[in-house]
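If you read the sequence shown in this note's numbering, its first letter stands for residue 92, the second for the next number, and so on. Working notes, beginning with the structure itself.
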Amino acid sequence: MFEKEKKKFNRIKYIMGIFAVVLLCLSVRLYFLQVHPSEMVVGRMQNHQTENIAQMKYNILDTNGENMLAYNKEYVMVLDTEPFKLNNYEETLQDLMALNFIMKSEDKDFNYTGIMNEVGKHYYKISKETFEKVNKLSNVKGIYTYVYDKIERKEAWEIGNLLSEIGENGDVVEGSLEAELNKYLGENLIPQSKFYLDDKAVYSDGSLDTNNENKNLKLTINNEWQNKVKEVLKRKDYDFLKNVGVVISEAETGKIRVMAQKDDSQANVNIGVEALGFEPGSIFKVVTEAVALDLGLIHTQDVFGCTGQICSKDGKPYGHGNLSVEDAIKISCNDVTAKVGGLAGYEKIMEYSEKMGLFNRVLNIQGENRNEAAGIKPPKEAGINNISIGQTIMVTPLQMAGVYNTIANDGVYVKQTLVEEILNKDGKPVKKFKNEPVRVFSQTTAKITQETLGKVIWEGSGFEAKVKGVEIGGKTGTSTGKDRADHGWFAGYFVKDEKKYSIVVIAPNIGTNHPDGRELGGGNTGAPIFRDIVTELTSK
């Protein structure tokens, strides 16, 4: 009996010994999991995570280095379940409960105990306030936060947004501006942030990881001017105009300083997207006059008769009588301009026009649903009368800015540029964009034409464009659009800090009557907008 009890006691002692060893092993393992988790779990989870922190792989800067794109900042919390499960309730219970309370304001179903049974990473888009609160919980294992820059695309046709998807889908058109830029931007990598686990399974703050070879895009646009122009276009005075496009170019260099429109949810009117262009109407009469002057066929004081053959008033033929060439431009007489055009001839007017960039893409922007219009060269059969006064021709506002640049630049045309430089990550240029000057008119012709444009404003049809104390010149224009909806134009130039700038304003599809009852045209749409823009840009 004693022997039997002894064997039973030994068996119990043996079992308890095994149990004690197992318990000791479990205690040691638990200690290491709590105190040195990375040593035990590296094989089961990554020691770092990488997240994209921006939608774009390059910046678009204005001529002064200011970022042109508008971003929506998205605040993100990531919960990585593997290290999260290592939270020691004794050490982090207070922070876990705080996390639970904070996150329930974002997700009412959030429960940290339930996540303990899940796998993988969980992403939560959170508010900035929640983001800041979560960042104060420094002891919770397995969570990290970052900010993602997402482009604001509501204004899809704003010029910065127009260039924000270069090569994104591999859809660049050979020979286009986008294809040229993609040579430099195509190898860029999306900016990322890396988050590392420490020895307690707590993620560090993200460290920026960018490609040292990344390059950025610098435009010729002056963003300060661009914003001022947009503010003008959105004034209550112009509520009756659905959309307005404005191009401002530096005459001597061809650099585009402003390319803006009132409603950037509509296709870009300045480059004629989704259109063949627009008839320029009377702003083209300056070309007719300048060509005839340059060929030595006329002088500005030569007199021609207007019989009302193609001039009208209140819908009826109207003859202005005898007018000098200068006076005809001042009051925008069709008959006299057509006679001047007849002297110059179709071939010469087209030759000069093409030298100034008409009927060809200027920037060569091409891509799905964003093709820049080339315009339409009129056939000779359209008739010199129509062509001379800007009918049967299709152009873009950007092209006409090139024409007025040429006149303002004393007869020298420089094809406009939108891209100034490609910059490396340190802001140093790796590629500069510049076009060579081409003389189109003699300096004398250009100076005479400038004088005429000045008189159009101070003595003629462009009186609503007056800006005291500033050297300016310009021409009104009204042309026919679809469904008998006219387009209001004003094209001209101004001087600021001894530099000349051309401005072209177009108000497409203006309708028939101004809110004050007057018949609508370029004189009471484009001209006052020109005035307000010049005033805004030249005021101290």
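We put the CB at the ideal spot given by N, CA and C, even for glycine.
Excluding the five sequence neighbours on either side, which residues of its own chain have a C-beta within less than 7 Å of the C-beta of Gly-502, listed in chain order? Working through the sequence shown from its first residue, we reach residue 502 at position 411. A distance below 7 Å between beta-carbons, with the five flanking residues on each side excluded, links Gly-502 to the following residues of its chain, in chain order: Arg-530, Val-531, Phe-532, Ser-533, Gln-534, Thr-536 and Ala-537.
Would you report the Cα separation of Phe-123 and Asn-230, rounded to the nearest angstrom? The residue you call residue 123 lines up with position 32 of the sequence shown. The residue you call residue 230 lines up with position 139 of the sequence shown. Its pLDDT being 35, under 50, Phe-123 is placed unreliably by the model, and nothing is read from it.
Report the rounded CA-to-CA distance for Ala-189 versus Tyr-162, giving the unit in angstroms. In the sequence shown, the residue the question calls residue 189 occupies position 98. In the sequence shown, the residue the question calls residue 162 occupies position 71. Cα to Cα, the separation comes out at about 31 Å.
Is it right to say Lys-590 is buried, meaning 16 or more other beta carbons lie within 10 angstroms of its own, or is it exposed? Here residue 590 corresponds to residue number 499 of the sequence shown, with the count starting at 1. That one is exposed.
Nearest-angstrom beta carbon gap, Ile-250 and Ile-339 [assumed within contact, 8 Å]: Stepping through the sequence shown from its first residue, residue 339 is reached at position 248. Stepping through the sequence shown from its first residue, residue 250 is reached at position 159. So it is not a contact: roughly 12 Å between Cβ atoms.
Applying the criterion that 16 or more other CB atoms from any shown protein chain within 10 Å of the CB defines a buried residue, is Met-207 buried or exposed? Translated into positions along the sequence shown, residue 207 becomes position 116. Exposed, since its Cβ has fewer than 16 Cβ neighbours within 10 Å.
What beta strand (DSSP E) runs, 3 residues minimum, are completely inside the segment 471 to 520? 510 to 514
Excluding five sequence neighbours on each side, which residues of the same chain lie with their C-beta closer than 7 Å to the C-beta of Arg-244? In the sequence shown, counting from the first residue as 1, residue 244 sits at position 153. If we look at Arg-244 and ignore the five residues flanking it on each side, its Cβ neighbours are Asn-252.
Is it buried or exposed for Thr-204, if we count other Cβ within 10 angstroms and need 16 for buried? Residue mapping note: residue 204 aligns to position 113 of the sequence shown, counting from 1. That one is exposed.
Spatial neighbours of Val-335 within its chain, please: CB distance less than 6 Å, with the 5 preceding and 5 following residues excluded, ordered by chain position. Walking along the sequence shown from the start, residue 335 turns up at place 244. Cβ neighbours of Val-335 beyond the five flanking positions: Leu-324, Lys-353 and Ala-598.
How should Lys-227 be labelled, buried or exposed, when 16 other C-beta atoms within 10 angstroms of its C-beta is the threshold for buried? Position 136 of the sequence shown holds residue 227. Taking all protein chains in view, the Cβ of Lys-227 is surrounded by fewer than 16 other Cβ atoms within 10 Å, so the residue is classified as exposed.
Pull up the distance between the alpha-carbon of Leu-299 and that of Asp-262, whole angstroms please. Locating residue 299 in the sequence shown gives position 208, counting from the first residue. Locating residue 262 in the sequence shown gives position 171, counting from the first residue. Roughly 29 Å separates the two Cα atoms.
Integer Cβ distance of Ile-498 from Val-377, believed to fall under 8 Å: For the purposes of this step, residue 498 is identified with residue 407 of the sequence shown, where counting begins at 1. For the purposes of this step, residue 377 is identified with residue 286 of the sequence shown, where counting begins at 1. Yes, they are in contact, since the Cβ atoms of Ile-498 and Val-377 sit about 7 Å apart, within 8 Å.
Buried or exposed: Met-168, going by 16 or more other Cβ atoms within 10 Å of its Cβ? Position 77 of the sequence shown holds residue 168. Classification for Met-168: buried.
At the level of alpha carbons, what is the spacing between Ala-292 and Asn-515? Counting from one through the sequence shown, the residue named residue 292 turns up at place 201. Counting from one through the sequence shown, the residue named residue 515 turns up at place 424. C-alpha separation (whole angstroms): 37 Å.
By the three-class DSSP mapping on this structure, what secondary structure does Tyr-162 have? Your numbering for residue 162 matches position 71 in the sequence shown. Strand at Tyr-162.
Burial state of Glu-63 (16 or more Cβ within 10 Å): Outside the shown range of the chain (92 to 631) lies residue 63, about which nothing can therefore be said.
Cut-off 7 Å between Cβ atoms - residues of its own chain near Asn-359, not counting five sequence neighbours on either side: Residue numbering aside, residue 359 sits at position 268 when the sequence shown is read from its first letter. Taken in chain order, the residues that qualify are Trp-248, Leu-253 and Gln-352.
Under 8 Å by Cβ, that's how I've got Phe-369 and Ser-570 pegged, so tell me the actual separation to the nearest angstrom. Stepping through the sequence shown from its first residue, residue 369 is reached at position 278. Stepping through the sequence shown from its first residue, residue 570 is reached at position 479. About 6 Å separates the two Cβ atoms, so the contact holds.
Along the chain, where does the alpha helix (DSSP H) containing Trp-316 start, and where does it finish? Reading the sequence shown from its first residue, position 225 is the one you call residue 316. It spans 314 to 324 - the alpha helix (DSSP H) in which Trp-316 sits, taken as one unbroken run.
Determine the direct distance from the alpha carbon of Leu-170 to that of Tyr-214, and round the result to whole angstroms. Start at 1 with the first residue of the sequence shown, and residue 214 comes out as number 123. Start at 1 with the first residue of the sequence shown, and residue 170 comes out as number 79. About 7 Å.
Where the beta strand (DSSP E) containing Arg-348 begins and where it ends: Against the sequence shown, residue 348 aligns to sequence position 257. Per DSSP, Arg-348 belongs to the beta strand (DSSP E) from 347 to 352.
Taking only the alpha-carbon atoms, compute the straight-line gap between Val-364 and Gly-518 and give it to the nearest angstrom. Counting from 1 along the sequence shown, the entry for residue 364 is found at position 273. Counting from 1 along the sequence shown, the entry for residue 518 is found at position 427. Between Val-364 and Gly-518, the C-alpha separation is close to 32 Å.
Burial state of Ile-581, where buried means 16 or more other Cβ atoms lie within 10 Å: The residue given as residue 581 occupies position 490 in the sequence shown. The sequence given here has Phe at residue 581, not Ile. Per the 10 Å Cβ criterion, buried.
Once the 5 residues before and after Lys-523 are set aside, which same chain residues still bring their CB inside 6 Å of it? On the sequence shown, position 432 is the one that residue 523 refers to. Glu-512.
Trp-549 burial status per 10 Å Cβ neighbour count (16 or more: buried): One-based indexing of the sequence shown puts residue 549 at position 458. Under this definition Trp-549 is an exposed residue.
Below 8 Å between beta carbons: does that hold for Leu-276 and Gly-258? For the purposes of this step, residue 276 is taken as the residue at position 185 of the sequence shown. For the purposes of this step, residue 258 is taken as the residue at position 167 of the sequence shown. Closer than 8 Å, so yes.
With respect to the alpha helix (DSSP H) encompassing Phe-286, which residues constitute its N-terminal and C-terminal limits? By one-based count along the sequence shown, residue 286 stands at place 195. Here Phe-286 belongs to no alpha helix (DSSP H); instead the beta strand (DSSP E) covers 283 to 287.
Do Gly-211 and Thr-172 have their beta-carbon atoms positioned less than 8 Å apart in this structure? Mapped onto the sequence shown, residue 172 falls at position 81. Mapped onto the sequence shown, residue 211 falls at position 120. The answer is yes: Cβ separation under 8 Å.
With DSSP as the reference, please indicate the residues paired to Leu-299 in a beta bridge. For the purposes of this step, residue 299 is identified with residue 208 of the sequence shown, where counting begins at 1. DSSP lists Ser-284 as partners of Leu-299.
Taking Glu-638 as the reference, give the member of Pro-606, Phe-585, Gly-608 and Ile-374 with the closest Cα. Outside the modelled stretch of the chain, which goes from 92 to 631, sits residue 638, for which no answer is possible.
From Asn-314 to Thr-154, what distance separates their C-alpha atoms? Position 223 of the sequence shown, counted from the start, is the residue given in the question as residue 314. Position 63 of the sequence shown, counted from the start, is the residue given in the question as residue 154. One C-alpha to the other measures close to 8 Å.
Taking C-alpha atoms, which residue in Lys-468, Asn-413, Lys-587 and Phe-175 lies nearest to Gly-399? The residue you call residue 399 lines up with position 308 of the sequence shown. Ranking the options by Cα distance to Gly-399, first place goes to Asn-413.
If contact is defined by three or more beta carbon pairs under 8 Å, each pair taking one atom from either stretch, is the segment 388 to 399 in contact with the segment 417 to 428? These segments touch.
Cβ of Lys-224 within 8 Å of Cβ of Phe-175? In the sequence shown, residue 224 corresponds to position 133, counting from 1. In the sequence shown, residue 175 corresponds to position 84, counting from 1. Going by C-beta atoms, Lys-224 is not nearer than 8 Å to Phe-175.
Going along the chain, which unbroken runs of the alpha helix (DSSP H) with 4 or more residues stay wholly within the segment 186 to 238? With a minimum length of 4 residues, the continuous alpha helix (DSSP H) runs that stay inside the segment 186 to 238 are 203 to 206 and 219 to 226.
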